[in-house]
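Comments concern the structure below.
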Amino acid sequence: MTAHVKPRAIDDFKARDFRMLIDGAWTEGAGNALERVAPGHGVVASRYPAGTQADAERAIAAARKAFDEGPWPRMTGAERSNILLKAADLIAAKADDLAFLDCIESGKPISQAKGELSGAADIWRYAAALARDLHGESYNTLGEGTFGVVLREAIGVVSIITPWNFPFLIVSQKLPFALAAGCTTVVKPSELTSGSTLLLGEILIEAGVPAGVVNIVTGTGPEVGAPMTTHPDVDMVSFTGSTGVGRLTMANAAQTLKKVSLELGGKNPQIVFPDADLDEFIDAAVFGAYFNAGECCNAGSRLILHRSIAAEVTARVAELARKVKVGDPLDPTTQVGAIITPQHLEKIGAYVDGAAKAGASVALGGTALDLGLG
0 MTAHVKPRAI
10 DDFKARDFRM
20 LIDGAWTEGA
30 GNALERVAPG
40 HGVVASRYPA
50 GTQADAERAI
60 AAARKAFDEG
70 PWPRMTGAER
80 SNILLKAADL
90 IAAKADDLAF
100 LDCIESGKPI
110 SQAKGELSGA
120 ADIWRYAAAL
130 ARDLHGESYN
140 TLGEGTFGVV
150 LREAIGVVSI
160 ITPWNFPFLI
170 VSQKLPFALA
180 AGCTTVVKPS
190 ELTSGSTLLL
200 GEILIEAGVP
210 AGVVNIVTGT
220 GPEVGAPMTT
230 HPDVDMVSFT
240 GSTGVGRLTM
250 ANAAQTLKKV
260 SLELGGKNPQ
270 IVFPDADLDE
280 FIDAAVFGAY
290 FNAGECCNAG
300 SRLILHRSIA
310 AEVTARVAEL
320 ARKVKVGDPL
330 DPTTQVGAII
340 TPQHLEKIGA
350 YVDGAAKAGA
360 SVALGGTALD
370 LGLG
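All the letters of the sequence shown, read from the start, carry residue numbers 0 to 373 under numbering that gives the first Met the number 0.
Dropping the structure here:
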């Protein structure tokens, strides 16, 4: 991937039809097709199957068989590492295509999507290195006739459920490490941004990952995600998303004592006192609020200001925010692209309207921008 490559015009783009990956085969699934409309352009970006519980169960069965009977957990760490390194090289080689798909499906700026892809390839390389370094420990200081051994073994089948705000980056923070340890997986990307994860499935097959080790099921949380958290053949669940669904995930997993990893949303405060370096803070506040259109788990969504500096900070944040370039996600100079769905945009507008009705004054904006892109 190189910074000088120009993104393709949306006029030249043809929607791609995807299938799910189950047990090494591409399948249409039991449900109907989902259409993803590009939020920044109003055209169909992708189509993928609306998976069902039956599809999720087939994927789990494939992962279970691959773990219990297949070669992946029985390979040496070096063998798994070599495959993961090949996957990393393929990700880097296909980074422009992956970034383009993340851009049009999510509405994030193409420059940001390319940066995320560059970082993702490095994460896969890091996981590949760890695959060679997984080892146990032994202890001979436990007393006469006692020898202790610690074995580090793969957990088993891991369900991986990822959100729409960083589609490829977050799956890359989870999947390669499970694979490095020898686990098999079932992955459910967000139904809003499944494309790049499905392209990843193609990459992993090309890299040599055996059938059943990585299964990718598209669809909604209730249909696909829920059985991935309750099925007894799943040993661990890794979920990134809302706090509400995180609570439900933990409760579901507890029924069969699964291991759980949660990374959930927040409403993050930035507290500023009069002795703060305001020049530094203003830059940080605007970046924290507007990066990825504020669609981040750690976005700076609240400013709590000391009364003596509240007016100055508000004015300066508004002044700098006015310079943030909102535009076509495919324009390399755009800093803020499109909001993920019309429903999310309406929710943001409702927050602004509600605050104004409660007595707040709007320092900047307050209405949606129509840039005429579609």
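Here a beta-carbon is modelled for each residue, glycine too, at the ideal position from N, C-alpha and C.
Would you call the region 175 to 189 and the region 153 to 165 touching, i.e. three or more CB-CB distances under 8 Å? yes
Give me the Cα-Cα distance between Ile-90 and Asn-81, rounded to the nearest whole angstrom. 14 Å
What do you reckon, are the CB atoms on Thr-248 and Val-233 nearer than 8 Å? no
Given a threshold of 16 other Cβ atoms within 10 Å of its Cβ, counted over all protein chains shown, does Ile-109 qualify as buried or as exposed? buried
Tell me, please, which residues DSSP counts as bridged to Gln-269. Leu-302
Please state if the CB of Thr-51 and the CB of Ala-29 are separated by a distance shorter than 8 Å. yes
Tell me whether Ala-161 sits in a helix, a strand or coil according to DSSP, three-state version. With the sequence shown as reference, residue 161 is identified as Thr, and Ala is not the correct amino acid for it. Coil.
As a quick exercise: from Ala-37, Leu-197, Pro-188 and Ile-59, pick the residue whose alpha carbon is nearest that of Phe-17. Leu-197
Which first and last residues belong to the beta strand (DSSP E) in which Glu-294 is found? Here Glu-294 belongs to no beta strand (DSSP E), and DSSP marks it neither H nor E.
Distance between Gly-144 and Cys-295 (C-alpha atoms, nearest Å): 54 Å
Label Phe-272 either buried or exposed according to how many other C-beta atoms from any shown protein chain fall within 10 Å of its C-beta, with 16 as the threshold for buried. exposed
Opening and closing residue of the alpha helix (DSSP H) in which Thr-248 lies: 242 to 253
Lys-93 versus Asp-274, Ile-308 and Ile-202, residue with shortest Cα-Cα distance: Cα-wise, what sits closest to Lys-93 is Ile-202.
Whether Arg-35 touches Leu-191 by CB criterion (8 Å): yes
Thinking Ile-308 and Gln-269 are a contact (beta carbons under 8 Å), I'd like their distance in whole angstroms, please. About 13 Å separates the two Cβ atoms, so there is no contact after all.
Option nearest Asp-101 by Cα separation, candidates Leu-199, Arg-151 and Pro-72: Leu-199
What residue range is occupied by the uninterrupted alpha helix (DSSP H) comprising Arg-46? Arg-46 -> not in any alpha helix (DSSP H); beta strand (DSSP E) instead, spanning 43 to 48.
Are the beta-carbon atoms of Ala-284 and Asp-22 separated by less than 8 Å? no
Would you kindly check if the distance between the Cβ of Pro-328 and the Cβ of Ile-169 is under 8 Å? no
Taking only the alpha-carbon atoms, compute the straight-line gap between Thr-1 and Asp-88 and give it to the nearest angstrom. Confidence at Thr-1 is low in this model, with a pLDDT of 29, below 50, so its placement is unreliable and the value that follows should be read with caution. Those two C-alpha atoms are separated by around 14 Å.
What residue range is occupied by the uninterrupted beta strand (DSSP E) comprising Lys-113? Note, Lys-113: premise wrong, no beta strand (DSSP E); alpha helix (DSSP H) at 109 to 130.
Starting from Ile-90, trace the alpha helix (DSSP H) both ways and give me its first and last residue. 76 to 92
I'd like to check one pair, Asn-214 with Ala-53: are the Cβ atoms closer than 8 Å? no
Rounded C-alpha distance that separates Pro-221 from Gly-194: 20 Å
Report the start-end ranges of each beta strand (DSSP E) in the region 177 to 210 that is 3 residues or longer and not cut off at the edges. 183 to 187
Do you know offhand how far Leu-277's Cα is from Ser-137's? When rounded, the distance between both Cα atoms is 53 Å.
Which of helix, strand or coil does DSSP assign to Val-212? Coil at Val-212, not helix or strand.
Out of Pro-175, Val-212, Gln-111 and Tyr-47, point me to the one whose CA is closest to Thr-333's CA. Gln-111
Near Thr-207, which residues of its chain fall below 6 Å by C-beta distance, leaving aside the five closest residues on each side in sequence? As written in the sequence, residue 207 is Gly, which differs from the Thr given in the question. Closer than 6 Å at Cβ, skipping near neighbours: Ile-82.
Taking Met-74 and Val-216 to be in contact with their CB atoms under 8 Å, please state how far apart those CB atoms are, rounded to whole angstroms. At roughly 25 Å, the Cβ-Cβ gap does not stay under 8 Å, so Met-74 and Val-216 are not in contact.
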